[in-house]
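Participant:
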Amino acid sequence: MCKIIDQICLVTSCGCKPTLQNCPENSPAQIIAFDELKTDYKNPIDQCNTLNPLVLPEYLIHAFFCVMFLCAAEWLTLGLNMPLLAYHIWRYMSRPVMSGPGLYDPTTIMNADILAYCQKEGWCKLAFYLLSFFYYLYGMIYVLVSS
Amino acid sequence: MSAPAGIPPRPAAAPGGARAPEAAARAPPCQNGPMQNPMQFPFGYGLHLENYSASSGRYPQVPQEAVPSQLNNQYVADYHSACYSIPVQSVITPSVGPSMLNTQQPQQLYSGAAHPVESAGGLTQGAISSASHLHTGVPQSYSALSSHCSSSTSSSVASQGFPLSSGHYAMPTVSSAVYPNLSYPSMSIGSPYGQVFTSQSLPAVGQFEETNAFPGPSSTVPRTLPHQVPLGYNSTSWSTSDFQSAQDNFNRNHTGSLAKASNQINTVGIVDSSHPVSQNVQFTKPGVETSVVSSAVTSSIRTPVSDHLTEAASVPSNKQPSEPLLQEETNTATSSPAPTPQTSRTPKPFGYGYPTLQPGYQNAAPPTSAMQPNNPGPHSGFQQYPQYPGVNQLSSTLGGLSLQHSQQPESLRPVNLTQDRNILPVSPVLAPVPNLNSDLKKLNCSPDSFRCTLTNIPQTQALLNKAKLPLGLLLHPFRDLTQLPVITSSTIVRCRSCRTYINPFVAFIDQRRWKCNLCYRVNDVPEEFMYNPLTRSYGEPHKRPEVQNSTVEFIASSDYMLRPPQPAVYLFVLDVSHNAVEAGYLTIVCQSLLENLDKLPGDSRTRIGFITFDSTVQFYNLQEGLSQPQMLIVSDIDDVFLPTPDSLLVNLHESKELIKDLLNALPNMFTNTRETHSALGPALQAAFKLMSPTGGRISVFQSQLPSLGSGFLHSREDPNQRSSTKVVQHLGPATDFYKKLALDCSGQQTAVDLFLLSSQYSDLASLACMSKYSAGCIYYYPSFHHSHNPAQAEKLQKDLKRYLTRKIGFEAVMRIRCTKGLSIHTFHGNLFVRSTDLLSLANVNPDAGFAVQMSIEESLTGTSLVCFQTALLYTSSKGERRIRVHTLCLPVVTSLADVYAGADVQAVVCLLANMAVDRSVSSSLSDARDALVNAVVDSLSAYISTASNLQQSTLIAPNSLRLFPLYVLALLKQKAFRTGTSTRLDDRIYAMCQIKSQPLVQLMKMIHPNLYRIDRLTSEGTIHVNDRVVPQPPLQKLSAEKLTREGAFLMDCGSIFYIWIGKSCDNSFIKDVLGYTNYASVPQKLTQLPELDTLSSERARSFISWLRDSRPLSTVLQVIKDESPAKTDFFQHLVEDRTEAAFSYYEFLLHIQQQICK
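As given, the protein sequences belong to chains A and B, one line each in that order. Under the working numbering, the first residue of the first sequence is numbered 93, with each subsequent residue one higher. Under the working numbering, the first residue of the second sequence is numbered 122, with each subsequent residue one higher.
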């Protein structure tokens, strides 16, 4: 019984290629979106309205992975993901007063500091997701080959 | 569940029985409605009313009155439109249904969910349909500057606030006008700017002697003074403070006199003084405009408005080839038209300005006198500035007249703060003048509208970081101006790549090309621009008014519109709950409105509407043709709807009688209400629905915490925490309902202005959001009561008068451009930032100030000048699209010393205050306080480390920053930032809102009020303004040590004057000025000085009214006796003194010194 669960977890966590694609997708979207804001293409209200619904799914998917890694006892991978998970929790706790889900407030997003921060955050996360994607891919192939 | 109800004087028109007072008796409304013969209930009324009374328990009685049959249809129609416009409504009253079926047919068109507004004034018809799906359907419509135009151009123009494609740009609108018409609707522009102009006239030694030669209060002021203006000296330096104080007095003179002159024409070539009457019908009325245009075309550029009177006479003489002569001509021209009453007075400001310099000089302690923030003079660090053709010819003719200047600029002179006790100058501090050559200085934008924290811009970000001073702009773009060149031209010349408007600081490479001063692109001069209609000369593009004035206004063509200009639309949303009625504000508001109904800015299309609310929302049908206003009550606050969408906002002129009826009836309609709840949120939603087709202004009057419907709030303030020194919580909003609403409003070009009149906590932090992001304004009257608190009542009255009559710009956007290399970092003020440099302002009012933080992204090595340009595009109340452009030019410096020399301490403090407000909301109040102290510590320690020869142990500041610690200390003792002293949360938030939205001049008075001793006003140093002698007492330190029991002191806090009377104040003062026999008989609440026929009374009154006239905002006066409880209001402003919780000034200096030495 236990083994089966373990195996399923291992498969999901290692063969996470299809799901992971959802995950990093958000970061480039954010980067592009913030760049659009900076270069004046879109107005902040629309931009926040498109970005805000994406924030929570991204965080939830990431949290789901962490749970999966936990179940699979993938301690190293989990350790790598824990800081980001903690960051996500902190980020969402300290979001501005909003009635809907999301992080971005159209009235403050145009502040140069906040815009720069959001952009930097987007790049960092994109890099992290990309690297971890290849790491998971490697992990999956390794498991497949060795088994 | 809507119940239409009649309003008096219709006898039996209240089907709800309820709210509408009866006409004859003005009987108390609700519960005891007149019991008249029950008649037949028309259609479904009985049932409906049962429903109604059941739904809200306030209507216990079934109405017993007959509804005259001819009214029935109306009511039914109303009801139906209400009922069917929202499907949900009809569900609630199913029993009503059958009996109503017969009337249902004509109302079919309301059955849709969204009801089309049908009579939206004709002009906006096409726009409405697109408006309804603004946020969903048309993605661009928000970014479009003035929202949705129904025409096909909208999508293409929408991408940018200003039409950027040259195709649009080139589209001629005034096809008939081959050459642009230049209209100078206001007075003479002998010199573009008064202040600059004085600075020009002062530097010459010869003139200095001349000015000293003017004896006392002589009215024979030589007219030659202004003539010498054009004698621009290549380099200007004032080595003594005399000039400064003279200039100061001079300026003050003019503000005073001009303010007095109000709408009238001033013939002195002074430009920028505040104007109490905002709506200058004279200047904007199209009829007048055209006449001005026609005269302007034939006469010269320099034609003053007074020349309207003598148009023909002045025309030939004004065509002058060279500038100095031109100016002279202007001045003679201005003096010639005798008919204007001002002409006889105009000399006085010149004449009387100067004598004051003597006493002022004497009063100053010797070290102080030298501490005026003088222009540093041509400092060695400055290179030659680029020469501009046209303006340059002047200086070349007069080259070599430059004065010798001291080696070190005055503003850099080190001041030992701990030893210098008298650092406050005797007269109010002036803005430093940028160190430009005299021609540019003359052309530069007035510091009243445009100020930079550093008048010498550091070349790199590294240098800026080293100086530890914030770089930013303080703007007052829509200020009331008495003089403003208005340009009607078919093409508005702009840079092709960065869209900068042509301005005085561009370089003309040759006759046909100009180089943009912001992006350095070379542009062609359009053919039209070559012709100067005012001088009727060809080939002098640099003489055009756009190039001669840094503040101009263009009449924009249809390229700058996305829809036809909107009419002026005003909606008043009034709280009528028990609390509000008890406070009695309704009488004041209605009375003010009645008085100013004809003065509301607008044209024949002006529309007005009213909504009242308590636990329900009441609308007023004011459609023309009704015999009396009709009240329509919507009690379904969860899903509020408009009962009759097309008759709630009505044309002011067509329905004036109905509006007057309503305003007369309103104060008494709710006298017996017992409703304590307030459904502000639903009322605002209804207001938004009503306004969204057109845009306009919503004025909200609220008296308590909103307690019902969406947007309800809880009390968050803990009174025990008011004086806490630790954490101040709840500075941010509790809900984002108001913010969202404001953003929606802003998208529909609607601004929400909030008047909060409450005695208890009403969560201003949340409520203020509705105005903050929709570019509205906020007024707060703590513990307002019409009879218990007469000072607040008077203030409301005066504020309303100003509010209703001041100028207003609709559907505005503001863009701030700056020289390549600089970039805008953060905006402050009541606005919504729509892109990196574009601000969306649904409304713009003349009392709104903005602040901008900037950063230097690229090094400014290639240039010696940087420019900032603000362009404000708005629709005037007359339906004209106008663009007001301000351009400021500043030098770039490379050394740290120069950066300090050019620091504008007032601007720095105001910008820091704005930043501190942001910080306290986003982080915490103590964080913001620390940041303020650190700003002083960092900048002073950076200065000390640059000046290596100074002793490290003493606290030294450059002269330009000598007031910095004092102002920051004052800021820390402001209501917004103070800790330890009991401060109500709403008061604190309101102070923060004011910091964010007030222009610099007003804000400085709030931070550091001016204190004068007024019991011994002498004739010494008086100035004459409009035949009145105005004494000029010196400024006093804000310290109790300056107060004496024998004296009386006036404190000018911007919006309030306190007069403090000492216990043993001279009886003659009390008798002569206050009109009481002795100190004991002076009442506690005195808000006016009696008009007594004594010299001292006359002096005091003229001084106070002079102070009052120098600002557009209303001020109330409060006389405070030494033992009265109100004296804390006065003493809290004495910022140099120690309080239980805060440092005294000296302690603060020691604290800073300690921090620096660390």
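For glycine and all other residues, C-beta sits at the position ideal for the given N, C-alpha and C.
Less than 9 Å between the beta carbons of LEU605/B and ARG1229/B, yes or no?
Facilitator: No; because the gap between Cβ atoms is not below 9 Å, this pair is not in contact.
Participant: Any beta-carbon of chain B closer than 9 Å to the one on THR169/A?
Facilitator: No, THR169/A does not count as interfacial toward chain B.
Participant: How about LEU925/B and LYS720/B: are their beta carbons less than 9 Å apart?
Facilitator: Cβ distance < 9 Å, so LEU925/B and LYS720/B count as in contact.
Participant: Nearest chain E C-beta to LEU864/B closer than 9 Å, yes or no?
Facilitator: The structure shown contains no chain E; its protein chains are A and B.
Participant: Whose CA, out of LEU590/B, LEU986/B and TYR894/B, lies closest to the CA of LEU1027/B?
Facilitator: Reading off the sequence shown, one finds Gln at residue 1027/B, where the question assumed Leu. Residue LEU590/B is the option with its Cα nearest to GLN1027/B.
Participant: For the candidate residues VAL697/B, ALA701/B and THR996/B, whose alpha-carbon lies nearest to that of GLY817/B?
Facilitator: Ranking the options by Cα distance to GLY817/B, first place goes to THR996/B.
Participant: Just tell me which of HIS835/B, GLY1000/B, PRO840/B and LEU801/B has its CA closest to the CA of PHE822/B.
Facilitator: Comparing Cα-Cα distances from PHE822/B to each of HIS835/B, GLY1000/B, PRO840/B and LEU801/B, the minimum goes to LEU801/B.
Participant: Give the interface partners of THR926/B over in chain A, defined as CB-CB distance under 9 Å, in chain order.
Facilitator: Per Cβ cutoff of 9 Å: no residues; THR926/B is ~31 Å from chain A at best.
Participant: Is it buried or exposed, ILE233/A, if we count other Cβ atoms within 10 angstroms and call 16 or more buried?
Facilitator: Result: exposed.
Participant: Which residues of the stretch 833 to 857 of chain B have a Cβ closer than 9 Å to any Cβ of chain A? Give them in chain order.
Facilitator: Against chain A - using a Cβ distance shorter than 9 Å - the residues of the stretch 833 to 857 of chain B are GLY853, PRO854, ALA855, THR856 and ASP857.
Participant: For ARG955/B, would you say it is in contact with chain A, using Cβ-to-Cβ distances shorter than 9 Å as the test?
Facilitator: Yes, contact with chain A.
Participant: Residues of chain A with CB under 8 Å from TYR641/B, in chain order?
Facilitator: Within 8 Å Cβ-Cβ: nothing; TYR641/B doesn't reach chain A, min ~21 Å.
Participant: Where does ASP1107/B fall in DSSP's three states?
Facilitator: Correct three-state label for ASP1107/B: helix.
Participant: Please tell me whether ILE1116/B and ALA1049/B are closer than 9 Å, where the distance is taken between their beta carbons.
Facilitator: The answer is no: Cβ separation not under 9 Å.
Participant: Suppose you measure from the CA of VAL1014/B to the CA of GLN582/B; what does that come to, to the nearest Å?
Facilitator: Cα to Cα, VAL1014/B sits roughly 12 Å from GLN582/B.
Participant: Per the DSSP calculation, GLN974/B is bridged to which residue(s)?
Facilitator: Looking at the DSSP assignment, GLN974/B forms a beta bridge with GLY593/B and THR947/B.
Participant: For ASN141/A, does the three-state DSSP call read helix, strand or coil?
Facilitator: In the structure shown, ASN141/A sits in a helix (DSSP, three-state: H, G or I).
Participant: Chain B partners of ASN203/A, CB-CB under 7 Å?
Facilitator: Those within 7 Å of ASN203/A in chain B are THR947.
Participant: In three-state terms, what does DSSP make of ASP680/B?
Facilitator: Looking at ASP680/B - three-state DSSP - the assignment turns out to be helix.
Participant: Cβ atoms of ARG837/B and SER1103/B: under 9 Å apart, would you say?
Facilitator: No; because the gap between Cβ atoms is not below 9 Å, this pair is not in contact.
Participant: If you draw a straight line from the alpha carbon of ASP696/B to that of GLY942/B, how long is it in whole angstroms?
Facilitator: Distance between the alpha carbons of ASP696/B and GLY942/B: 50 Å.
Participant: Taking C-beta pairs closer than 8 Å, name the residues in chain A that TYR894/B reaches, listed in chain order.
Facilitator: Those within 8 Å of TYR894/B in chain A are THR199.
Participant: Alpha carbon to alpha carbon, what distance is there between ALA1112/B and ALA1097/B?
Facilitator: Spanning the two alpha carbons is a distance of roughly 5 Å.
Participant: Which class does THR1249/B belong to by DSSP, given the choice of helix, strand or coil?
Facilitator: It is helical.
Participant: For ASP569/B versus HIS597/B, is the C-beta spacing smaller than 9 Å?
Facilitator: Yes, they are a contact pair.
Participant: Roughly how many whole angstroms lie between the Cα atoms of THR1075/B and VAL646/B?
Facilitator: Cα to Cα, the separation comes out at about 57 Å.
Participant: Which partner residues of PRO535/B appear in the DSSP bridge assignment?
Facilitator: According to DSSP, which records beta bridges pairwise, PRO535/B is partnered with PRO1079/B.
Participant: In chain order, what residues of the same chain have a beta carbon less than 8 Å from the beta carbon of LEU557/B, not counting five sequence neighbours either side?
Facilitator: Taken in chain order, the residues that qualify are TYR506, ASN565, LEU986, CYS1010, LEU1011 and PRO1012.
Participant: In whole angstroms, what separates the C-alpha of SER776/B from that of CYS1114/B?
Facilitator: When rounded, the distance between both Cα atoms is 36 Å.
Participant: Run through chain A and tell me which residues come within less than 7 Å of LYS860/B, C-beta to C-beta.
Facilitator: In chain order: THR199.
Participant: Report yes if the CB atom of PHE731/B is closer than 9 Å to the CB atom of ALA807/B, and no otherwise.
Facilitator: In this structure, ALA807/B does not lie closer than 9 Å to PHE731/B by Cβ.
Participant: Measuring straight from C-alpha to C-alpha, what distance separates THR169/A and PHE161/A?
Facilitator: If you take the alpha carbons of THR169/A and PHE161/A, they lie about 7 Å apart.
Participant: Could you check whether the stretch 858 to 865 of chain B touches the stretch 884 to 891 of chain B, counting it as contact only if at least three pairs of C-beta atoms, one from each stretch, sit closer than 8 Å?
Facilitator: Verdict: yes, contact present.
Participant: If you draw a straight line from the C-alpha of TYR652/B to the C-alpha of ARG665/B, how long is it?
Facilitator: C-alpha separation (whole angstroms): 8 Å.
Participant: So LEU707/B packs on LEU787/B, CB below 8 Å; how close in whole Å?
Facilitator: With 8 Å as the limit, LEU707/B and LEU787/B qualify as a contact, their Cβ atoms being about 6 Å apart.
Participant: Touch check for the stretch 1212 to 1226 of chain B and the stretch 1051 to 1065 of chain B: three-plus C-beta pairs under 8 Å?
Facilitator: Too few Cβ pairs lie closer than 8 Å, so no.
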